[in-house]
Structure formats: C-alpha cells, structure tokens
Amino acid sequence: MAKEGITPRAQDYAQWYLDIVRGADLADYAEVVRGCIVFKPTGYALWEAIQRGLDDRIKATGHVNFYFPLLIPKSFLMKEAEHVEGFAPQVAEVTHAAGEKLAEPYVIRPTSETIIGYFYAKWVRSWRDLPLLGNQWANVMRWEMRPRPFLRTTEFLWQEGHTVHADHEDAERETLKILHEVYADFVEKEMALPVIKGLKTEKEKFPGALRTYCMEAMMQDGRALQAGTSHNLGQNFAKAFGIQYSDRNNQMQPAWTTSWGVSSRLIGALIMAHSDDDGLVIPPHLAPVQVVVVPIFKNDAERAAVMAAVQAITADWRPRGIRFHIDERDHLTPGFKYNEWELKGVPLRVEVGPKDIEKKSVAIAPRIAQDNINANAAAGGRKPKAFVPQQGLADQISSLLEQLQRTMYDRALRFRNEHTFEASNYDELKQGIESGFVRAWWAGSRDDEERIQEETKATIRCIPLEQPGGKGKCFYTGEEASQVAIFAKAY
RNA sequence: CGGGGAGUGGCUCAGCCUGGUAGAGCACCUGGUUCGGGACCAGGGGGUCGUAGGUUCAAAUCCUAUCUCCCCGACCA
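For the first sequence, position 396 matches number 1488 in this note's numbering, and the numbering has no gaps at all.
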C-alpha cells in the first residue's frame, strides 16, 4: 500500500530514498549550490535530536565544546603526509578575498585535525594539562563527485571530537570509549539502529590515523553504512604540529591524539534503515513529534466538543514528557491526515471523535505493526488500530512508545541477521554481498582487498571487535586466519 | 570527473520531431456541501518554458555554451 508519490523499495531503492526525503519534507535541494541541501524544519529537527543525544553523552564522558575557524591555512593540511594525500582531492580553496589574491590560500575545513593541532600545541605544556578533551559542532566541506541528500553532500553537519593524551594506552582507551559509550550507545538506544563495531583495515582507515574504529549499520537494501568513526591518531598529528608535554620527570614527550566524528549522514541511515513504502519511520526516542492527535468532527458544535475533549485528554501529556502535536486543520479530511502523518514518520497517532467522547475512548494507531494492536476492520482500514479507554491513556502511550522503540530495534536487528552470511570461499562471498553482509575468515593483504573490491564492488567494512576466537581458513588466500572480517557494498 | 537520461506553475508531466498568442491532472485561494483511511461541486490565482548567447519576421520548439538534478562508474562521513 504505497503512498502516492512514493516509489516502492522493491521497485527502485534509490528513488524510494529520494521520495522519502521529499515526501516527509526533510530537505530541499540547494540547486544553486551543487551538491548541497537545505535542511528543512523537519529534517533539521531530526538533526537537533541527534545533536542533543550525542552532546549529552559527549559531555557525560568529560568533554567540553569549543569552536575553531572554518578556514584553515593550506599549509596546515600539508604537514601530515597521509592526511594531505587523503583529503587533497576533496578540498575547496579560498584564494581571493576583498578583491585581492591571498598570499596563502585557505582551505575550507574538510575536518579540523590540523588547525586544532596547531592550537593544541600552544595549549599543552605539562602532563597536568592532559588529557585535553574537546569537541566541536561544525559544518565541513568535502567536494563530492556524486552527492545524495544527507548521505553524501558537499557541505555537511557533524561533530568532531579532538583529544590529547599522555600515552598510547590513554588515547586508545578514549578512542574505544567514544565508540562504545557515545556512538554505539546513542545509535542503538535512541536511533534503534543495531551496529557492528570494528576496526577499519589499513585501506579504509582515516588518512593520518594509526587506526580507525567504526560502527557499521545495515540498510534495507543490504548495503553497509558507516555510522561513525573514532580514530587513534597515534603521534602522527602531535609530531606534525609539535604537541608535546613535560612528563613527571621533566622530560619532553610527544603527545598522543584522537579524533572522532559522526555526521548528518545519520539522518540518511535513519531513513534507509527504518522507513517503509508508506514513508518515513522515526524511532520514538528521536522523534520531534511522538504522537499526533487527529480530532474528528463534522461541524462547529462537534468541533468544539471534540477539541475540549482533546484538551482534557492531553492535559497530562506534556508533564509526562510526551512530545505531541494536535492537528486542528479543518480543511482536510481525517483520512488525508492519517496518510500525511504516516509519510512524516510520527510513531503514534491518536484519533478523537464524537464516538470516543461518548464511549470515553480514543483510537490509537502505531506507525508500524505491533503484536498487541491488530488491523482493525471495523475502522475501515487495513492498518493496525485499537480503541482504548481514555482512562490511563498517558501511561499506555508512554509504554507503547517504548514498545515501538524496541520493535524498531528488534526489527532492524532481525533484518541484519537474516541478511548476514558466512562465506568459506570466494563464490559464497560474491553471492552474499548481493543481499547483505558477509562474515569470512580473512588473512589477505591490502592488495587482495583491493582486488576483491575491483571484482565485486564490496569492501571490508570492518574487522569486528567481537571475534569468534580460534583460527579459520581465509576464504580468499586459503591461509590460516586469526580474524573474521565483514564484507559488504557500502554507501 | 567519464558514460547515459532529464530540466515547461508547488508536484507529475504533455507540447518540441514539422517554429506562429503556454496546456492537463494534482496542489493552492474563495464559497458551499462534506469529514472515523487520501471528499465533492462551482468559481479563481499562479509559469520571462534552467540560464546566457545565436539563427529567424517570429523560439518552449532549431543551433552553441553553461548550470542543476537523476541513474551507472571511479572518490568519500
């Protein structure tokens, strides 16, 4: 039962995604600025919800926010060899200002390790200054060949954390803490998106990092989406920018740094992981509007009675922390509103009409199917709907929202499990990556990895932190392997 | 950035081949009847046909350039 104007997923997944973005009114194309989008209010509200959830966790783990300039001297980028090489093809440069050519061009930040490194070198003096735990919310720009709304735009919004540590162990601890306690915790609990946490291979790691940890999520077409990364930068940037400190013995030591980020791409992940052919589906924890109330009336007298009832019914919702909206528009039929709010992904709909006033009930309809709420033929619909008493409604809504949150996570996890395959040879891998993730014992080289990518379009998404243990036979080289890798096509 | 497709009211598109006063459906506005799963009738508003240049008495239509979007590839959060 696809909505008007929504291409079914099975027909064209890419078009479906674009239809959701447009239909749910999340973004507009900034067609006058190639590759950029306008975050419309509903899209930006999702970003604000993501920011809130992450910012709370970033601060709870001891970090503070700050802000560095958008423009970075071009020479800064050149100081770390791998870093320049990695980002050079993607940077935009400012060469002129005030009508004059600049002596040294600036680049528009593609990420801020370099400029922050410069200042960290000034700020860090002693072991007592460490760890230095900072984060900034910012926009960055990376010139993209093939942009897609939220998933890959030339300018995007993100947070980037940058920390300095006295030794490798502390930097490593930080890198993993962010991955587990900030990123995966947020994405799994608030976005209802199960992720696989792992290590990037040399080929896939951040340019200039010692190692990169990541979390990978599965989209409904079986492809992987990198939902966040956390880098142990080793001493690479510290050495390039001279970040050093006096240790307890008054010896100068190069420091160790980390950086980590998640971006507005998460909105794309949210859409592609949860939504259906009827439109967007937003997990209740994240939803800017969790419940929409649709009043039903035929005339002014009914309208007055119904609105009074709606006021009474919703009176205790706000104090209970339920985020809701009452759709009072009177030029649209209820049926139209149902479809519209489903398209926009609101988790729960409550209908209040004259019959409900009489029976002290309301109709309640979850955005996605729930075991305890069945399709209600009496309501003329094929969609799940239940009539429940007004008494104790706030409690029931709160618990239903929690139930929906769990259902969404479970549903996404089940989908991932059903689309994850084991491969013990190359043919099995080729077959598996057509519809999902492939787990396989891996002892190949970087060259092997590149060859596999050329031949199959799939990459090693990560070496999962959770390993089966023991040894296996590499599916590609036939050698003894001590680790399992996840292969998939990626966004 | 290479290959392919497309830009005409807010949306989906027709008109272009064969140049001659810009159309439809949906959406929007007004009024009325409706209203528990995408209402109906009547009236109305809205488009320098992506942009720039050229050909022509005359260009949405033909030519050139350019921008943007979509699909496929190489690059990436």
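Positions of the beta carbon are idealized from the N, C-alpha and C atoms, including for glycine.
Best match in the options for proximity to residue i [C-alpha to C-alpha]
| i | options | result |
| --- | --- | --- |
| Gln1482 | His1377, Ile1456, Lys1436 | Ile1456 |
| Asn1466 | Gly1127, Pro1476, Ile1460 | Pro1476 |
| Pro1239 | Pro1560, Ala1106, Pro1376 | Ala1106 |
| Ile1359 | Ile1129, Asp1519, Pro1100, Pro1165 | Ile1129 |
| Ser1218 | Asp1148, Thr1255, Met1344 | Met1344 |
| Arg1144 | Phe1278, Ile1112, Ala1184 | Phe1278 |
| Phe1179 | Thr1255, Arg1126, Ile1525, Met1233 | Met1233 |
| Tyr1121 | Pro1241, Trp1139, Trp1533 | Pro1241 |
| Thr1245 | Pro1439, Glu1123, Glu1572 | Glu1123 |
| Tyr1585 | Met1311, Ala1230, Lys1151 | Past the boundaries of the shown model lies residue 1585; the chain is included only from 1093 to 1583, so the question cannot be answered. |
| Ala1039 | Glu1572, Lys1563, Gln1559, Glu1526 | Outside the shown range of the chain (1093 to 1583) lies residue 1039, about which nothing can therefore be said. |
| Ile1555 | Glu1192, Gln1488, Ala1580, Thr1099 | Ala1580 |
| Gly1445 | Tyr1109, Phe1479, Glu1434, Trp1433 | Phe1479 |
| Cys1306 | Gln1318, Pro1299, Asp1313, Gly1300 | Gln1318 |
| Leu1505 | Arg1340, Ala1532, Leu1285, Glu1196 | Leu1285 |
| Gly1253 | Glu1280, Lys1295, Ile1208, Lys1214 | Ile1208 |
| Gln1559 | Gly1290, Gly1314, Pro1133 | Gly1290 |
| Thr1304 | Ser1338, Thr1350, Ile1544 | Thr1350 |
| Tyr1275 | Ile1388, Arg1149, Thr1203 | Arg1149 |
| Thr1206 | Lys1331, Trp1139, Asp1117 | Lys1331 |
| Ala1486 | Glu1420, Thr1425, Arg1410 | Arg1410 |
| Phe1248 | Tyr1210, Lys1214, Pro1202 | Pro1202 |
Contact check, residue i vs residue j, beta carbons under 7 angstroms
| i | j | result |
| --- | --- | --- |
| Gly1371 | Gly1570 | no |
| His1377 | Gln1497 | yes |
| Ala1263 | His1272 | no |
| Glu1266 | Ile1288 | no |
| Phe1329 | Glu1172 | yes |
| Leu1521 | Arg1357 | no |
| Tyr1212 | Ile1374 | no |
| Tyr1583 | Gly1536 | no |
| Ser1322 | Trp1352 | yes |
| Ile1200 | Ala1184 | yes |
| Glu1236 | Gly1127 | yes |
| Arg1412 | Val1381 | no |
| Asn1157 | Asn1227 | yes |
| Lys1563 | Ser1574 | yes |
| Asp1519 | Arg1101 | no |
| Val1386 | Glu1443 | yes |
| Arg1538 | Glu1294 | yes |
| Pro1439 | Ala1379 | yes |
Environment of residue i [buried if 16+ CB atoms lie within 10 Å]
| i | result |
| --- | --- |
| Ala1461 | exposed |
| Thr1406 | buried |
| Glu1494 | exposed |
| Asp1422 | exposed |
| Leu1169 | buried |
| Lys1436 | buried |
| Val1576 | buried |
| Arg1531 | buried |
| Gly1097 | exposed |
| Tyr1109 | buried |
| Pro1223 | buried |
Simplified DSSP state of residue i, which is helix, strand or coil
| i | result |
| --- | --- |
| Ile1150 | helix |
| Val1444 | strand |
| Ala1471 | With a pLDDT of 46 at Ala1471, under the threshold of 50, the predicted position of this residue should be treated as unreliable, though the coordinate-derived value follows. Correct three-state label for Ala1471: helix. |
| Tyr1198 | strand |
| Gln1336 | strand |
| Ala1116 | coil |
| Met1170 | coil |
| Thr1551 | strand |
| Asn1464 | coil |
| Pro1181 | helix |
| Ile1098 | coil |
| Asn1431 | helix |
| Trp1533 | strand |
| Leu1249 | strand |
| Ile1489 | helix |
| Trp1108 | helix |
| Phe1507 | helix |
| Val1125 | coil |
| Ala1580 | strand |
| Phe1416 | strand |
| Thr1425 | coil |
| Leu1496 | helix |
| Phe1329 | helix |
| Ala1455 | strand |
Quick check on the DSSP output: what are the complete beta strand (DSSP E) runs of length 3 or more inside the stretch 1283-1318, in order along the chain?
The stretch 1283-1318 contains these whole beta strand (DSSP E) runs: 1288-1291, 1303-1310.
Within the stretch 1195-1240, ranges of the beta strand (DSSP E) (whole runs, at least 3 residues):
Under the rule that a run must span 3 or more residues, the beta strand (DSSP E) segments found entirely inside the stretch 1195-1240 read 1224-1233.
Start-end ranges of the beta strand (DSSP E) lying completely within the stretch 1356-1392, minimum 3 residues:
1383-1387
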